[in-house]
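Since the structure comes first, as C-alpha cells, the remarks are kept for the end.
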Amino acid sequence: MNTASQPLTAISASNDQLLQLCKAGSDMLRLQVLRVLSRDAYSVQELCHILDCRQSGMSHHLKTLTSAGLITKRREGNSLFYRRSYAPALADLAPLHDALHSSADLIQLDLDQQHRLEQVYAERAERCQAFFAEHASEFGEQQEQMVAFNVYGHSCMELLRSSQNQGGELAIEIGPGEGAFLAELSPYYTKVVAVDNAQAMLNRAGEFVNQQALENVELVLGDSRSEQLQPNSADCVVCNMVLHHVPSPADIFKDAARLLKPGGLFCVSDLCRHDQSWAREACGDMWLGFEPDDLSEWAAASGLQDGAAAYLAQLNGFRVQVRQFIKAEPYTLPTPNPSA
Numbered sequence: 145m146n147t148a149s150q151p152l153t154a155i156s157a158s159n160d161q162l163l164q165l166c167k168a169g170s171d172m173l174r175l176q177v178l179r180v181l182s183r184d185a186y187s188v189q190e191l192c193h194i195l196d197c198r199q200s201g202m203s204h205h206l207k208t209l210t211s212a213g214l215i216t217k218r219r220e221g222n223s224l225f226y227r228r229s230y231a232p233a234l235a236d237l238a239p240l241h242d243a244l245h246s247s248a249d250l251i252q253l254d255l256d257q258q259h260r261l262e263q264v265y266a267e268r269a270e271r272c273q274a275f276f277a278e279h280a281s282e283f284g285e286q287q288e289q290m291v292a293f294n295v296y297g298h299s300c301m302e303l304l305r306s307s308q309n310q311g312g313e314l315a316i317e318i319g320p321g322e323g324a325f326l327a328e329l330s331p332y333y334t335k336v337v338a339v340d341n342a343q344a345m346l347n348r349a350g351e352f353v354n355q356q357a358l359e360n361v362e363l364v365l366g367d368s369r370s371e372q373l374q375p376n377s378a379d380c381v382v383c384n385m386v387l388h389h390v391p392s393p394a395d396i397f398k399d400a401a402r403l404l405k406p407g408g409l410f411c412v413s414d415l416c417r418h419d420q421s422w423a424r425e426a427c428g429d430m431w432l433g434f435e436p437d438d439l440s441e442w443a444a445a446s447g448l449q450d451g452a453a454a455y456l457a458q459l460n461g462f463r464v465q466v467r468q469f470i471k472a473e474p475y476t477l478p479t480p481n482p483s484a
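Residue numbers for the sequence shown follow my numbering, beginning at 145 and rising by one.
Laid out in C-alpha cells, this is it:
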C-alpha cells in the first residue's frame with residue numbers, strides 16, 4: 145500500500161474544492177442566489193422568477209454552487225428545492241465557506257427582486273390558504289393519516305410542563321388546527337392566543353373553544369406577524385404540525401423569537417424528513433418534513449438555543465420530532481463592589 149500518495153490525494157482534493165469555492169464566488173448572480181437562499185429553500189423556477197434569469201442559466205449556476213458545497217438540494221414531491229449547505233465539504237475550508245455565506249448576506253436585492261421574492265411567498269401562502277379553506281372539515285381526518293394529535297400533543301405538553309411548571313401569563317399557538325392543544329394550554333397560562341390565517345380553520349378552533357368553555361382563549365385571524373401579537377410578550381409560543389404547511393418555516397422561528405420574552409420557550413412538533421409525496425395533495429403539505437438540523441439552524445439564526453427534544457416513531461413510518469428552543473436571557477454585567 146502506497147501511504148505516501150494519501151497526503152498528496154488529500155492536498156489535491158483540498159485544492160480542487162478551493163477552486164470550486166473561488167469559482168462559485170466569482171459571479172454576482174451566484175452570490176445573489178446565495179443571498180436569496182439565506183432565507184429559505186426555493187425551486188429552480190422560483191429562483192428564475194426572483195432573479196429574472198433563464199432556467200438554463202440558473203441550472204448552470206446552481207450546479208456550480210452545489211459542486212462547491214455551498215448549497216444542497218432535496219426533492220419535495222415532483223420538485224427539487226435548493227437551500228444553503230451549512231456543512232463545508234472540507235473542514236480546512238470552513239472559514240472560506242462561511243465567509244462566502246456571510247458576504248452574500250450583505251448583498252442588497254434591488255426593489256424588483258424584492259418584489260418578486262414577496263410574490264413567491266404570496267403564491268405559496270395563497271395555495272396553503274386555499275387548501276385549508278376547501279378542506280377544513282376533513283382536516284382532522286387527513287392529519288390522522290400521518291400522525292394523530294395524541295401522538296405529539298402529550299409529548300409537547302410534557303416537555304413544556306417540565307420547563308415551565310408554573311405556566312405563565314401568555315401562551316401563543318400558531319396554527320391551532322381544530323383547537324385540541326388550546327385545552328392543554330388554557331389551565332396553565334393566564335391568557336392564550338390562537339392565530340391562524342385560514343378563517344375556516346379558525347372557525348373549527350372556535351367551535352372547540354366554545355365547547356370546552358375555554359374563556360381565556362382569544363382567536364386571531366392572521367399570522368405570526370399580526371399586529372395583535374406584541375413583541376417580547378409571550379412565555380411560550382407553540383407551533384404543532386404547522387411548519388410543513390407554511391411558505392417559510394425559517395420565518396416562523398424569527399417571528400417566535402420576536403414574540404417571546406427573554407427565557408421564553410418556542411415549542412415545535414413536526415414531521416421528520418420523509419418521502420411520502422402523497423401528503424402534498426392529500427394534506428396540503430408544502431414540505432415533506434424536516435431534518436432535525438434544519439430546525440436547529442433556523443433556531444440559531446433567530447437567536448434561539450436548542451432545548452429539550454423527543455423523537456416519536458410510528459408504525460406507519462412517519463417520525464415526529466418534538467422540540468423546544470429557548471430565547472436566551474440578556475446578559476448583564478455584574479454590579480461592581482465599591483468596597484472591593
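Even glycine gets a Cβ: it sits at the ideal position worked out from N, Cα and C.
Status (buried if at least 16 other CB within 10 Å, exposed otherwise) for residue i
{"i": "N341", "result": "buried"}
{"i": "C383", "result": "buried"}
{"i": "D485", "result": "Given a span of 145 to 484 for the chain in the structure shown, any question on residue 485 remains unanswerable."}
{"i": "T208", "result": "buried"}
{"i": "Q164", "result": "buried"}
{"i": "S413", "result": "buried"}
{"i": "D236", "result": "exposed"}
{"i": "A338", "result": "buried"}
{"i": "D256", "result": "exposed"}
{"i": "C427", "result": "buried"}
{"i": "Q176", "result": "buried"}
{"i": "S330", "result": "buried"}
{"i": "Y296", "result": "buried"}
{"i": "R271", "result": "exposed"}
{"i": "Q355", "result": "exposed"}
{"i": "A401", "result": "buried"}
Sub-9 Å separation of residue i and residue j beta-carbons
{"i": "A157", "j": "A212", "result": "no"}
{"i": "L191", "j": "Y226", "result": "yes"}
{"i": "L314", "j": "A378", "result": "yes"}
{"i": "F410", "j": "A445", "result": "no"}
{"i": "L432", "j": "H389", "result": "no"}
{"i": "R424", "j": "E435", "result": "no"}
{"i": "A357", "j": "E322", "result": "no"}
{"i": "L178", "j": "H259", "result": "no"}
{"i": "P393", "j": "D249", "result": "no"}
{"i": "H205", "j": "L173", "result": "yes"}
{"i": "N376", "j": "L415", "result": "no"}
{"i": "S368", "j": "I396", "result": "yes"}
{"i": "A472", "j": "P406", "result": "yes"}
Cα-Cα separation, residue i to residue j
{"i": "R463", "j": "P320", "result": "20 Å"}
{"i": "G447", "j": "Q468", "result": "13 Å"}
{"i": "S229", "j": "L365", "result": "35 Å"}
{"i": "A233", "j": "M301", "result": "39 Å"}
{"i": "A453", "j": "R198", "result": "43 Å"}
{"i": "V466", "j": "L304", "result": "10 Å"}
{"i": "M290", "j": "N460", "result": "7 Å"}
{"i": "E362", "j": "E317", "result": "10 Å"}
{"i": "A292", "j": "H193", "result": "38 Å"}
{"i": "S203", "j": "D242", "result": "23 Å"}
{"i": "L224", "j": "D171", "result": "23 Å"}
{"i": "A457", "j": "S306", "result": "22 Å"}
{"i": "G100", "j": "D429", "result": "The chain is shown from 145 up to 484; residue 100 falls before or after that span and cannot be answered."}
{"i": "Q343", "j": "V381", "result": "20 Å"}
{"i": "G408", "j": "S200", "result": "46 Å"}
{"i": "T334", "j": "E359", "result": "10 Å"}
{"i": "E371", "j": "D399", "result": "12 Å"}
{"i": "Q263", "j": "V336", "result": "32 Å"}
{"i": "P239", "j": "I215", "result": "16 Å"}
{"i": "Y332", "j": "Q310", "result": "7 Å"}
{"i": "E267", "j": "Q189", "result": "13 Å"}
{"i": "N222", "j": "D419", "result": "11 Å"}
{"i": "F352", "j": "Q374", "result": "25 Å"}
{"i": "T147", "j": "R219", "result": "Confidence in T147 is poor, its pLDDT being 49 and thus under 50, which makes the residue's placement too unreliable to answer from."}
{"i": "L261", "j": "L346", "result": "28 Å"}
{"i": "Q486", "j": "Y186", "result": "The first residue shown for the chain is 145 and the last is 484, placing residue 486 beyond what the model contains."}
{"i": "K217", "j": "T210", "result": "8 Å"}
{"i": "H386", "j": "A324", "result": "The question names His, but residue 386 is Val in the sequence shown. Computed Cα separation, rounded: 14 Å."}
Residue i - containing beta strand (DSSP E), residue span
{"i": "G169", "result": "G169 -> no beta strand (DSSP E), and no H or E assigned at all."}
The alpha helix (DSSP H) enclosing residue i, as first and last residue numbers
{"i": "V295", "result": "293-307"}
{"i": "C192", "result": "188-195"}
Task: Uninterrupted alpha helix (DSSP H) stretches inside the stretch 204-282 (no shorter than 4 residues) - done: Listed in chain order, the complete alpha helix (DSSP H) runs (minimum 4 residues) inside the stretch 204-282 are 238-249, 255-279.
- [ ] Please specify which runs of the beta strand (DSSP E), each continuous and at least 3 residues long, are wholly inside the stretch 404-472, giving them in chain order.
- [x] List check, beta strand (DSSP E) in window: 404-415, 448-457, 463-471.
TODO: Could you name each continuous beta strand (DSSP E) segment of 3 residues or more that falls completely within the stretch 310-396, going from the start of the chain to the end?
DONE: 312-318, 333-340, 361-365, 378-384
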